[in-house]
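Q:
Residue numbers (our numbering), protein chains in the order written: chain F, 1 to 354; chain Z, 355 to 708.
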């Protein structure tokens with residue numbers, strides 16, 4: 001069966017301010033020293049499994065130009081522009097409806113656009129297993145990441161009985177507190193929920209119809225209009241009318257035949273500035289340094305210069321990001337608070353900095 | 355007797371990089387929120403004692419324009435331009451020789467250009483006492499600062515017998531280690547050496563002649579040429595030939611009739627970026643913040659924005675200074691290492707940043 005990929009690229013990436021802006025969020029930036037953007041890496045690593053013409057990018061309408069610029073090999077009609085943000089369920093329904101017009105049925109990999117994978121061969125092999133499971137029935141397959149520590153920032157997948165290449169999913173659980181996360185890890189029965197899904201278009205459409213009939217109807221109307229002159233108007237009308245819903249809440253927690261394939265392929269969600277030292281090489285003092293930087297005794301710090309010199313003297317565990325109009329200096333313990341800077345800028349009406 | 359002031363303004367102020375540059379060192383900058391430069395404050399606080407036409411500024415030839423700009427009330431002929439840096443003894447000899455041409459004899463206050471004084475009335479009264487002692491004989495008077503803690507970065511003055519308004523100086527001592535500094539403080543017989551001196555021009559000239567006859571001869575030739583067409587050439591020749599020597603080593607440690615007046619007038623030598631939070635008002639989190647700054651949980655930090663936004667998130671005890679072409683991020687424990695940044699820039703030949 002034809003294998004297609006749907007890359008979800010509508011995120012705002014606020015945790016990477018000031019490098020990411022609402023006009024150019026994280027997935028369109030490079031956070032690695034090779035200069036390749038996150039979304040380029042995402043598509044490139046799929047090449048052994050999915051051809052460029054079968055890759056669909058769902059993104060906000062404001063970012064279609066950025067997608068074209070970063071991914072010139074993706075056909076323009078494969079860039080699916082959401083008129084507004086409605087979370088993952090409407091996004092997936094939109095893509096599934098379009099793909100089901102193009103192919104009678106197909107396998108659909110649903111993947112985030114802004115994660116990194118360390119071991120790409122293992123990744124591809126894991127996806128191939130998931131494809132096999134997805135093809136063999138009306139199964140919804142999620143890739144679970146084998147945890148390496150009790151992270152409290154991710155949701156978890158509780159799995160049960162082994163079943164061929166996959167495990168049956170018992171339930172999805174929300175972000176736990178630390179003692180609960182430790183219990184999950186100790187049990188050997190929980191995986192991180194990575195937000196990667198594999199299923200047949202027909203399987204996900206059947207489940208959307210069952211659990212979100214309103215969204216199914218709108219998606220079918222969007223699919224019917226695809227390629228026709230009225231498409232933009234129909235999309236605008238139907239998509240805007242969707243409620244905001246995640247595919248986890250809307251479908252995965254309710255549907256039957258949910259399976260998970262455990263993956264151990266060096267997954268990193270690149271969730272904050274802390275990730276940059278993980279995903280890049282650091283120097284002898286465990287600093288990641290980019291651009292014109294003079295360090296005098298800096299340690300365990302991430303320092304990215306823009307057009308000007310950064311002199312870092314005696315600093316430890318700090319993140320310094322310089323751009324043309326803003327400098328961020330952030331303690332490694334406070335990377336989640338970068339969002340609060342954006343909140344203040346929004347309050348002050350300083351949209352040019354957001 | 356006429357009271358004159360000699361302001362020594364040749365310093366490079368490297369510890370205030372990147373705000374201070376070799377083209378505009380600390381004394382010509384404002385480090386306080388009122389925007390007044392250090393040298394302006396120095397002259398202004400002398401007004402009750404010394405008229406502008408009796409204030410002489412000794413500075414490097416490269417800075418004469420800066421002096422004119424910052425101090426338009428000082429007569430141009432009172433700006434004494436050293437062709438090169440030769441430490442304080444030649445500087446003082448030059449000024450004394452010039453003043454002795456202008457006035458038969460006069461009292462000469464010798465003052466740094468880049469210190470701050472909290473209590474200006476007490477300061478002026480202390481100087482007045484010193485003037486009285488200086489007028490009454492061939493005395494060399496130094497202002498000693500009553501220590502408030504065992505500082506290891508200053509030299510100390512060991513004083514003895516009280517003698518009118520002053521104390522006889524037993525000896526000058528170099529920067530001590532911490533146990534020695536603590537002993538000094540406990541003894542009640544040591545003051546900080548502030549580098550402020552008061553004497554008659556005739557007294558200092560007599561001592562220069564006795565202890566540094568070579569410099570005395572050159573200085574007299576410079577004085578003789580003052581106001582004549584050949585002045586610049588004579589100054590260039592004689593001053594360049596001087597050896598580098600401090601007035602402390604060259605005269606104060608050898609001369610007789612050395613007195614000190616203890617001063618408690620909120621003196622601050624503004625020796626590093628650490629001083630900025632001392633000399634300015636801080637917010638509830640003990641930050642000193644200047645310019646366009648968003649703080650999310652910053653504490654005990656000094657943050658000076660230039661033309662761009664600085665976002666400081668969760669940082670503690672840090673100094674952030676932004677300028678057009680360089681940003682400094684420095685731990686409060688490492689402010690002395692700012693000089694190492696300049697050393698690296700010099701090695702790299704990046705003089706435009708120094």
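Glycine is no exception: its CB is placed at the ideal position from the N, C-alpha and C atoms.
(1) If distances are taken between C-alpha atoms only, which option among F:325, F:54, F:86 and F:40 comes closest to residue 68 of chain F?
(2) Consult DSSP for residue 559 of chain Z and reduce its assignment to one of helix, strand or coil.
(3) Could you name the residues of chain B that residue 327 of chain F contacts, counting a contact when the two beta carbons are closer than 8 Å?
(4) Secondary structure at residue 172 of chain F, three-state DSSP: helix, strand or coil?
(5) Quick one: what's residue 605 of chain Z bridged to in DSSP?
(6) Look up residue 663 of chain Z in the DSSP assignment and give the residues it is bridged to.
(7) Using a Cβ-Cβ cutoff of less than 6 Å, which residues in the same chain neighbour residue 101 of chain F once the five nearest sequence positions on both sides are dropped?
(8) Let me know the secondary structure DSSP gives residue 432 of chain Z once reduced to three states.
(9) For the region 431–447 of chain Z, enumerate the residues whose C-beta is nearer than 7 Å to any C-beta of chain F, in chain order.
(10) Listed in chain order, which residues of the region 147–162 of chain F have Cβ atoms closer than 8 Å to some Cβ of chain Z?
(11) Take residue 253 of chain F and list the residues in its own chain whose beta-carbon comes closer than 6 Å to its own, dropping the five residues that flank it on each side.
(12) Going along the chain, which unbroken runs of the beta strand (DSSP E) with 3 or more residues stay wholly within the region 77–141 of chain F?
(13) Identify which residue in Z:460, Z:438, Z:622 and Z:560 has its Cα closest to the Cα of residue 503 of chain Z.
(14) I want to verify the contact list: residues of chain Z whose CB lies under 9 Å from the CB of residue 337 of chain F, in sequence order.
(15) Do residue 337 of chain F and residue 668 of chain Z come within 8 Å of each other at the CB atom, strictly closer than that value?
(16) Report yes if the C-beta of residue 509 of chain Z is less than 7 Å from at least one heavy atom of the ligand NAD; otherwise report no.
(17) Would you kindly work out how many angstroms separate the C-alpha atoms of residue 88 of chain F and residue 247 of chain F, rounded to a whole number?
(18) Pull up the distance between the alpha-carbon of residue 296 of chain F and that of residue 695 of chain Z, whole angstroms please.
(19) Return yes when the Cβ of residue 318 of chain F is within less than 8 Å of the Cβ of residue 327 of chain F, no when it is not.
(20) So what's residue 392 of chain Z in DSSP terms, helix, strand or just coil?
(21) What number of angstroms, rounded off, separates the C-alpha of residue 115 of chain F from the C-alpha of residue 316 of chain F?
(22) Using three-state DSSP, classify residue 634 of chain Z as helix, strand or coil.
(23) Out of Z:679, Z:675, Z:705 and Z:700, which one is the CA nearest neighbour of residue 370 of chain Z?
(24) Hey, would you say residue 5 of chain F sits closer than 8 Å to residue 111 of chain F, going by beta carbons?
(25) Looking at the secondary structure, which residues open and close the alpha helix (DSSP H) in which residue 424 of chain Z lies?
(26) Give the single residue among F:86, F:12, F:79 and F:155 whose Cα lies nearest to the Cα of residue 232 of chain F.
(27) What does the alpha-carbon distance come out to for the pair residue 376 of chain Z and residue 277 of chain F?
(28) In three-state terms, what does DSSP make of residue 58 of chain F?
(29) At least one CB of chain Z closer than 8 Å to the CB of residue 330 of chain F: is that the case?
(30) Take residue 292 of chain F as the anchor and find which of F:286, F:298 and F:311 has the nearest alpha-carbon.
(31) When you compare the CB positions of residue 199 of chain F and residue 144 of chain F, do they come within less than 8 Å of one another, or not?
(32) Taking DSSP as the reference, what is the three-state secondary structure of residue 352 of chain F?
(33) When you compare the CB positions of residue 58 of chain F and residue 108 of chain F, do they come within less than 8 Å of one another, or not?
(34) With a threshold of 8 Å between beta carbons, is residue 698 of chain Z in contact with chain F?
(35) With the cut-off set at 8 Å, would you say residue 260 of chain F and residue 166 of chain F are in Cβ contact?
(36) Once you ignore the five residues that flank residue 471 of chain Z on each side, which residues in its own chain have a CB closer than 7 Å to its CB?
A: Concretely, from the data shown:
(1) Counting from 1 along the first chain, the entry for residue 68 of chain F is found at position 68. Answer by Cα proximity: F:40.
(2) Along the second chain, one-based indexing puts residue 559 of chain Z at 205. In the three-state reduction of the DSSP assignment, residue 559 of chain Z falls in the helix class.
(3) The question asks about chain B, but that chain is absent: this structure's protein chains are F and Z.
(4) Residue 172 of chain F sits at position 172 when you count from the first residue of the first chain. Residue 172 of chain F: strand per DSSP, three-state reduction.
(5) As a working mapping, residue 605 of chain Z is identified with position 251 in the second chain. Residue pairing for residue 605 of chain Z: DSSP places it in no beta bridge.
(6) As a position in the second chain, residue 663 of chain Z is number 309, starting the count at 1. For residue 663 of chain Z, DSSP records a beta bridge to F:326.
(7) The residue labelled residue 101 of chain F in the question sits at position 101 within the first chain. Apart from sequence neighbours up to five positions away, the residues of its chain that approach residue 101 of chain F with a beta-carbon distance below 6 Å are 223 and 226, ordered along the chain.
(8) Start at 1 with the first residue of the second chain, and residue 432 of chain Z comes out as number 78. Note: residue 432 of chain Z maps to helix in three-state DSSP.
(9) Within the region 431–447 of chain Z, not one residue has a Cβ closer than 7 Å to any Cβ of chain F.
(10) Under the 8 Å Cβ criterion, the region 147–162 of chain F contributes no residue.
(11) Here residue 253 of chain F refers to the residue found at position 253 when the first chain is read from its first residue. Non-local beta-carbon contacts of residue 253 of chain F in its own chain, meaning distances under 6 Å to residues more than five positions away in sequence, involve 172 in chain order.
(12) If we require 3 residues or more, the beta strand (DSSP E) runs fully inside the region 77–141 of chain F come out as 79–82 and 107–112.
(13) Taking the first residue of the second chain as 1, we reach residue 503 of chain Z at position 149. Of the listed residues, the one whose Cα sits closest to residue 503 of chain Z is Z:622.
(14) Working through the first chain from its first residue, we reach residue 337 of chain F at position 337. Near residue 337 of chain F (Cβ distances below 9 Å), the residues of chain Z are 650, 651, 667 and 668.
(15) Sequence index remark: in the second chain, residue 668 of chain Z carries index 314 (1-based). Sequence index remark: in the first chain, residue 337 of chain F carries index 337 (1-based). Contact flag set, yes.
(16) Among the ligands in the structure shown, none appear at all, so the ligand NAD cannot be discussed.
(17) Residue mapping note: residue 88 of chain F aligns to position 88 of the first chain, counting from 1. Residue mapping note: residue 247 of chain F aligns to position 247 of the first chain, counting from 1. Taking the straight line joining both Cα atoms gives about 5 Å.
(18) Walking along the first chain from the start, residue 296 of chain F turns up at place 296. Walking along the second chain from the start, residue 695 of chain Z turns up at place 341. The C-alpha of residue 296 of chain F lies about 7 Å from the C-alpha of residue 695 of chain Z.
(19) Sequence index remark: in the first chain, residue 327 of chain F carries index 327 (1-based). Sequence index remark: in the first chain, residue 318 of chain F carries index 318 (1-based). Against a cut-off of 8 Å, the Cβ pair of residue 318 of chain F and residue 327 of chain F comes out as no contact.
(20) As a working mapping, residue 392 of chain Z is identified with position 38 in the second chain. The DSSP-derived three-state label of residue 392 of chain Z is helix.
(21) As a position in the first chain, residue 115 of chain F is number 115, starting the count at 1. As a position in the first chain, residue 316 of chain F is number 316, starting the count at 1. Rounded to whole angstroms, residue 115 of chain F to residue 316 of chain F spans 27 Å at the Cα level.
(22) The residue labelled residue 634 of chain Z in the question sits at position 280 within the second chain. DSSP places residue 634 of chain Z in the coil class of the three-state scheme, outside both helix and strand.
(23) One-based indexing of the second chain puts residue 370 of chain Z at position 16. When each option's Cα is compared against that of residue 370 of chain Z, the closest is Z:675.
(24) In the first chain, counting from the first residue as 1, residue 5 of chain F sits at position 5. In the first chain, counting from the first residue as 1, residue 111 of chain F sits at position 111. Contact flag set, yes.
(25) Position 70 of the second chain holds residue 424 of chain Z. Its alpha helix (DSSP H) spans residues 418–424.
(26) What you label residue 232 of chain F is simply residue 232 of the first chain in a count that begins at 1. Among F:86, F:12, F:79 and F:155, the Cα nearest to that of residue 232 of chain F is on F:79.
(27) Taking the first residue of the second chain as position 1, residue 376 of chain Z is located at position 22. Taking the first residue of the first chain as position 1, residue 277 of chain F is located at position 277. Looking at the two C-alpha atoms, the distance is approximately 36 Å.
(28) Position 58 of the first chain holds residue 58 of chain F. Three-state result, residue 58 of chain F: strand.
(29) The sequence position of residue 330 of chain F within the first chain is 330, counting from 1. Output row for residue 330 of chain F: interface = yes.
(30) Counting from 1 along the first chain, the entry for residue 292 of chain F is found at position 292. For the residues F:286, F:298 and F:311, the minimum Cα distance to residue 292 of chain F belongs to F:311.
(31) As a position in the first chain, residue 199 of chain F is number 199, starting the count at 1. As a position in the first chain, residue 144 of chain F is number 144, starting the count at 1. It is not a contact, given that the beta carbons lie outside the stated cut-off.
(32) Counting from one through the first chain, the residue named residue 352 of chain F turns up at place 352. Here residue 352 of chain F sits in helix by DSSP.
(33) Here residue 58 of chain F refers to the residue found at position 58 of the first chain. Here residue 108 of chain F refers to the residue found at position 108 of the first chain. For residue 58 of chain F and residue 108 of chain F, no; Cβs fall outside 8 Å.
(34) One-based indexing of the second chain puts residue 698 of chain Z at position 344. The beta carbon of residue 698 of chain Z sits closer than 8 Å to some beta carbon of chain F.
(35) The sequence position of residue 260 of chain F within the first chain is 260, counting from 1. The sequence position of residue 166 of chain F within the first chain is 166, counting from 1. Residue 166 of chain F sits close to residue 260 of chain F, with the two beta carbons spaced by under 8 Å.
(36) Start at 1 with the first residue of the second chain, and residue 471 of chain Z comes out as number 117. Contacts found: 399, 477, 619, 620 and 621.
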